[in-house]
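Chains as they are written, first to last, in this note's numbering: chain A, 63 to 177; chain B, 105 to 955. Glycine is no exception: its CB is placed at the ideal position from the N, C-alpha and C atoms. This structure is a prediction, so every number in the text was calculated from the model and none was measured. Step one of this worksheet: look at the structure below.
Structure follows, in structure tokens:
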């Protein structure tokens, strides 16, 4: 009886956790993703704290993940959004209007201008 | 740290005797002899305002000169030999007195000139682009410029590119009589970097080939397949190959240093790395990267993409301009609008020319272009025929990984605005060498000033059209066209003209912070400065607007002028400074009732002659490696660090048993010092890891590494007492350092055991036998699947059961069931724990978008 009870608990737990994971995974799947360069205001601002990044992300309605420093005051982030393919671009535009940010640009690929 | 090193380097400059720059300066190129004492009779060129107003004789009489000889050259220009009555008068004073005469438009020394000597580099004959514009219209007259300067040992030009081949004999490291500073590799993405890691201190070019396997990956989808470009090595040769060394090609800067900064790898590179590299090259701190000990005055960027100038680039370029760092960028090869960052404000953007001075078809163009320079063009060729106007330079022959070093030529041609940019960057280097005070704005203005005008025709039949400003990204002009100042910049870059422009002094004006109507306004010109080795000898203030009833100037011929601010309106005061060779510069100041404003700097600076840079401290470079000893398991890693002292060149080369980078037998080591032991212990088992200074190859340090094959295996629990026929025991095992932690389980040496000694499952669940085995103990052994010689064991006594209770067995099972159930729950919770972060980690996954 005790064994049966424990097994039932385990099965219920399995079901609950599995359902929870599936839901979280689906919600967390971004529809678009951009690597961006953010120059903080004023120039030379130290790497923003997690709370600041979270606040910037909320304001821009995007996900922001710090990747690395690009230079003093400029940082590389992963910007993600879930509202559609062009949501990242709209989010980037919103970031650019944030007074804490001097510039926010797509981290684009450049090529040599040789032969 | 940086300041200390800089101070050390500057101090060492005077001690240096073996730097590349110093060696290059002793090259036996024909030079004018050292200045002799001023002769009593001065040879002058004097242009009179009006040939009918006053002749040389009258001028000599007024000026108290004895006219030894004079002959009219043209349009009021006279070649005169004069001897001042005051025999002790200096040439500068003589010139100043002549220039003060109202009939004199200008007066200059009739200097002796010497035949120009081309460098003795054997391939220089093919470097048409550096030679006289009289032969090929777009050539930059470097030979003429070299008669004035071949660069400066204080000059650093950064090259943001694919890295360089440090072993190219016409480049070489600065510590080995070469031109290359250590630089840095700024490529963050490992696959793009193609050197096994992200950012590191090794700026060498490992190759940037892209094959079909690469383009099949999301990382490089859409990239063009091709062999390695050795692009950075090509650019470096143009900027400053070792010159007049009887080998290879000549570079624009015979003296000076090239700072290779790697930002391009497979399929290019990313803005974030390029921007970080720009800041670092200019001496700014970048987190996670050692500061650059050799800040550049000029940055060459032969790269771009068809985009608008991003704010990130513009802010960075503005920051660099404030530091006095000029950024030179190629226009691009699409025949369309200028690429970014060449289209950013404040850069010197360079478009490409054919040998006859027309725009080469592939060059992009537009109003952002500063000047144009040769980009290479192939004419009179068919299949297999030579490309007559290649930009010959250094390169490497390897199709993928590095091969032999060599040179581009008409058979292996070199084309692109990538190579126009370093021509101009090199010219800017020569300009900086003669006048290190020039700001980026002044450098750009004087590059333009020194340029030759574009031809209005082309020998091509039918005649090519006139270039037009692109209307958009699809408006391409991919064939030859006639350049205009709206499309190709101010003209064809000319080294001789640019250096001449750079030699002019810089007029500086300091204005008062506030101005009141009718009050004195004091304007200071004392901050003006002459070029390296020159001095400002005269100041002249004048009113240039309004032309009628100009206000008076007090101190019009001194460094400080005073004017009275108007009650209303404004006037413009011009300061003209003259140096001891007669070269001039002017700056205007607008004075209103309430302000005095000028675009001129308050101070022109005090570094006209760049302080020299040297790299080694008399050979006492030392290296230390940590740790000095290590025990490493086969296939596992050990990170070593090297500390280099007494040199600004910090990178080291790593060897294992004398093999650079090691090999599969003795283990490998990365450029950043990460040693990976071989798959099995070598013979002997101890190997030597050595760090060799790239500044001085005799400066080394080593560590001893003992490699053991076995993986450490642990078994848990190591002891337990079980009942024959009773409950089982679950064992776990770990295998350190192995790619796989899997083990095979044995009981008394029998894989899986048997009924006599008990059985053990593949997951380590041991069930004791129903009777006590022979010696009352069994040995449970975990054998690593990765290496069957690696194992661990536990000794397990098997006790006879004191009481046999089947229900107890059920109870035991029940207990076991409860444990199993709890274990399951734990696992599920762990799964949940692992699952949620996994879901949360989705935003951090890498993406290939925009690549």
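#1: Measuring CA to CA, which of B:835, B:305 and B:695 is closest to residue 824 of chain B?
#2: Just to confirm my understanding: we take residue 122 of chain A, look at its own chain, exclude 5 residues before and 5 after, and list those with CB closer than 6 Å. What are they?
#3: So, with DSSP's three-state summary, where would you put residue 232 of chain B?
#4: According to DSSP, is residue 108 of chain B helix, strand or coil?
#5: Residues of the region 425-440 of chain B in Cβ contact with chain A at a cutoff of 7 Å, in chain order, please.
#6: Verify whether the separation of the beta carbon atoms of residue 757 of chain B and residue 764 of chain B is less than 8 Å.
#7: Can you give me the Cβ contacts of residue 396 of chain B inside the same chain, cut-off strictly under 6 Å, excluding the 5 residues immediately before and after it?
#8: Determine the direct distance from the alpha carbon of residue 112 of chain A to that of residue 555 of chain B, and round the result to whole angstroms.
#9: Is DSSP giving residue 364 of chain B helix, strand or coil here?
#10: Rounded C-beta distance between residue 667 of chain B and residue 650 of chain B? I'm assuming under 8 Å.
#11: Using the three-state DSSP reduction, which class does residue 174 of chain A fall into: helix, strand or coil?
#12: Just list the alpha helix (DSSP H) runs in the region 506-576 of chain B, keeping only unbroken ones of 4 residues or longer that don't cross its boundaries, in chain order.
#13: Would residue 365 of chain B and residue 307 of chain B qualify as a contact pair, given that the criterion is a beta-carbon distance under 8 Å?
#14: Excluding the 5 residues preceding and the 5 following residue 562 of chain B in the sequence, name in chain order all residues of the same chain whose CB lies nearer than 7 Å to its CB.
#15: Is the region 591-602 of chain B close to the region 243-250 of chain B, with three or more CB pairs under 8 Å?
#16: According to DSSP, simplified to helix, strand and coil, what is residue 344 of chain B?
#17: Considering only residues of the same chain and omitting the five flanking positions on each side of residue 517 of chain B, which have a CB-CB separation below 7 Å?
#18: Is the beta carbon of residue 167 of chain A closer than 8 Å to that of residue 293 of chain B?
#19: Leaving out five residues before and five after residue 746 of chain B in sequence, what residues of the same chain have Cβ atoms less than 6 Å from its Cβ?
#20: Under 8 Å between the Cβ atoms of residue 604 of chain B and residue 261 of chain B?
#21: Helix, strand or coil for residue 335 of chain B? Go by DSSP, reduced to three states.
#22: Check whether chain A comes within 8 Å of residue 292 of chain B, counting only Cβ atoms and requiring the distance to be less than that.
#23: Is it the case that the Cβ atoms of residue 163 of chain A and residue 117 of chain A are separated by a distance below 8 Å?
#24: Contact defined as beta carbons within less than 8 Å: I believe residue 143 of chain A pairs with residue 93 of chain A. What is the distance between those atoms, to the nearest angstrom?
#25: Which residue's Cα is closest to the Cα of residue 402 of chain B: B:409, B:418 and B:424?
#26: Determine the chain B residues that contact residue 115 of chain A at a beta-carbon separation under 8 Å, and present them in chain order.
#27: Cα separation between residue 642 of chain B and residue 187 of chain B?
#28: Check distances from the C-beta atoms of the region 147-177 of chain A to those of chain B and list, in chain order, the residues that come in under 9 Å.
#29: Among B:769, B:903 and B:382, whose alpha-carbon lies nearest the alpha-carbon of residue 132 of chain A?
#30: Would you call the CB atoms of residue 148 of chain B and residue 211 of chain B closer than 8 Å?
#31: Please specify which runs of the beta strand (DSSP E), each continuous and at least 3 residues long, are wholly inside the region 95-161 of chain A, giving them in chain order.
#32: Residues of the region 133-145 of chain A in Cβ contact with chain B at a cutoff of 8 Å, in chain order, please.
#33: Less than 8 Å between the beta carbons of residue 224 of chain B and residue 348 of chain B, yes or no?
#34: Pull up the distance between the alpha-carbon of residue 438 of chain B and that of residue 467 of chain B, whole angstroms please.
#35: Let's test the definition: count the other Cβ atoms within 10 Å of the Cβ of residue 175 of chain B and tell me whether it reaches 16, buried, or not, exposed.
From the atom records:
#1: B:835
#2: 153, 156 and 157
#3: helix
#4: Here the model assigns residue 108 of chain B a pLDDT of 39, short of 50, so the residue's position is not dependable, and the following value carries that caveat. Three-state DSSP puts residue 108 of chain B in a helix.
#5: 434, 436 and 437
#6: yes
#7: 384 and 387
#8: 52 Å
#9: strand
#10: Residue 667 of chain B to residue 650 of chain B, Cβ: 13 Å. No contact.
#11: strand
#12: 524-538 and 544-554
#13: yes
#14: 460, 462, 568, 584 and 586
#15: yes
#16: helix
#17: 480, 482, 491 and 494
#18: no
#19: 727, 729, 756 and 795
#20: no
#21: helix
#22: yes
#23: no
#24: 6 Å
#25: B:424
#26: Ordered by position in chain B, no residue passes the 8 Å Cβ test against residue 115 of chain A, which lies about 12 Å from the chain.
#27: 22 Å
#28: 150, 158, 164, 165, 166, 167, 168, 169, 170, 171, 172, 173, 174, 175, 176 and 177
#29: B:382
#30: yes
#31: 125-133 and 136-143
#32: 133, 134, 136, 138, 140 and 142
#33: yes
#34: 6 Å
#35: exposed
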